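What follows is a short report on a single structure.
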Amino acid sequence: NIKMVLEHDLLHPYKEVEDRKHKLKRLVQTPNSFFMDVKCPGCYQITTVFSHAQTVVVCPACNTVLCQPTGGKAHLTEGCSFRKKN
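Counting from 727, one number per residue, gives the positions in the sequence shown under the working numbering.
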């Protein structure tokens, strides 16, 4: 009677391992992108921004640049704070 012992639990993977996998190879497919609330460093107004924004996002009140697009995730301007939306 030989018992097979797996190195990893396939039904209950570690969160760190799942986060490193491709979005389609995860146990439950989830996107890498998200919406976030970005606070302007000048006027403290909150603006909703997509994490992978492809255009420059400007604060509607004071016209300061909040984030710059890159090939993937958008880079926030220095001084901007953000939080993920649910």
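All residues carry an ideal CB built from backbone N, CA and C; glycine is no exception. Computed from a prediction, not measured in an experiment: that's the story for all the values here.
Under 8 Å between C-beta atoms of residue i and residue j
i	j	result
V764	C793	yes
K749	T756	yes
E744	L737	no
Q780	P767	no
K810	M762	yes
Closest residue to residue i among the options (Cα-Cα distance)
i	options	result
V775	T803, V743, L737	T803
S759	K741, C769, H778	H778
G805	K729, C769, E742	C769
Residue i, buried or exposed, once every other Cβ within 10 Å from all chains shown has been counted against 16
i	result
V783	buried
C785	buried
Identity of the residues DSSP links to residue i by a beta bridge
i	result
D763	T774, R809
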